[in-house]
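To keep things clear, I will list the structure first and then write my remarks on it.
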Amino acid sequence: MPKVTLAQNILAVNEHVAQEIRQSLSARGIRALNIMSSPGAGKTTLLERTIERLRGRLGIGVIEGDVETSADAERIEAAGAETVQINTQGTCHLEAHMIRDALAQIDLAHVDLLVIENVGNLVCPAAWDLGEDLRVVVVSTTEGDDKPAKYPQMFAISQVMIVNKLDLLPYVNYDLQKVRRQALSINPNLHIFEVSCQTGEGLEAWCDWLGTFARGV
Ligand code: MG
Ligand code: ZN
Numbered sequence: 027m028p029k030v031t032l033a034q035n036i037l038a039v040n041e042h043v044a045q046e047i048r049q050s051l052s053a054r055g056i057r058a059l060n061i062m063s064s065p066g067a068g069k070t071t072l073l074e075r076t077i078e079r080l081r082g083r084l085g086i087g088v089i090e091g092d093v094e095t096s097a098d099a100e101r102i103e104a105a106g107a108e109t110v111q112i113n114t115q116g117t118c119h120l121e122a123h124m125i126r127d128a129l130a131q132i133d134l135a136h137v138d139l140l141v142i143e144n145v146g147n148l149v150c151p152a153a154w155d156l157g158e159d160l161r162v163v164v165v166s167t168t169e170g171d172d173k174p175a176k177y178p179q180m181f182a183i184s185q186v187m188i189v190n191k192l193d194l195l196p197y198v199n200y201d202l203q204k205v206r207r208q209a210l211s212i213n214p215n216l217h218i219f220e221v222s223c224q225t226g227e228g229l230e231a232w233c234d235w236l237g238t239f240a241r242g243v
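According to this note's numbering, the stretch in the sequence shown is residues 27 to 243, in order.
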């Protein structure tokens with residue numbers, strides 16, 4: 027079988043599983059978010075701050091994807107969310123069947139919002155539907171201001187871009203306007219939030235928006 031056909035078949039199977047996940051979560055009134063970034067952009071820290079701020083307002087369940095270790099899942103659990111760790115053992119993205127298996131291990135009774143933290147990678151996670159309702163890409167001021175231009179697919183398929191580590195802006199060579207411009211030229215409908223998980227700047231706006239999204243309003 028030609029390689030391209032095989033890849034298309036695998037993606038078609040993934041799409042089918044993703045649709046089943048989407049329908050079963052939707053039937054329970056749960057909305058799902060897939061959060062993606064390169065390694066070290068601050069997804070886990072952003073999630074910790076988000077869970078802390080939404081505590082009492084929203085039930086959050088988390089699926090943590092990492093190639094190895096359960097360090098991030100332990101941090102998220104400590105922040106107060108029901109968490110399941112997936113170790114992909116070398117695979118550089120999450121696939122829908124991994125989410126289906128993880129969902130069998132999570133108590134969804136009090137979950138309004140399911141957050142899936144994808145493996146740190148700006149390339150292939152963009153191709154794998156996990157049954158989410160919302161895709162969020164996180165970039166940070168320490169990783170260069172050319173990410174949207176270099177990885178356009180990720181920004182094309184996301185509905186939200188969060189620029190993290192705003193507190194480091196004075197110390198790095200990062201053109202925020204350029205990043206906004208690049209991202210919006212790829213995806214004019216992108217919602218953009220600019221935050222610092224250290225100072226808390228911008229987190230209220232992001233959490234309010236997410237709270238509204240999670241209630242489906
Ligand atoms: Mg992480
Ligand atoms: Zn991959």
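For each residue, glycine too, the CB sits at the ideal point set by N, CA and C.
None of the values given here were measured: they were computed from a predicted structure.
As assigned by DSSP and simplified to three states, the class of R57: strand
Other residues of its chain near A107: CB distance less than 6 Å, five sequence neighbours each side excluded: I77, I86, V88
Distance, N35 Cα to K29 Cα: 10 Å
Those residues which DSSP pairs with L32 across a bridge: None; L32 has no bridge partner.
Residue of P151, L194, E158, L210 minimising C-alpha distance to P174: L210
Those residues which DSSP pairs with S166 across a bridge: N190
Near the ligand ZN: N35 beta-carbon under 8 Å from a heavy atom: no
Those runs of the beta strand (DSSP E) which lie wholly inside the region 86 to 164 and span at least 3 residues: 86 to 92, 108 to 113, 139 to 143
Neighbour-count burial assignment, V198, 16 or more Cβ in a 10 Å radius: exposed
Reduced DSSP secondary structure (H/G/I, E/B, other) of H42: helix
Cβ distance (whole Å) where N190 is taken to contact L72 below 8 Å: 6 Å
P151 beta carbon near the ligand ZN (any heavy atom closer than 8 Å): yes
Stretch pair the region 214 to 233 + the region 91 to 102: three plus CB contacts closer than 8 Å: no
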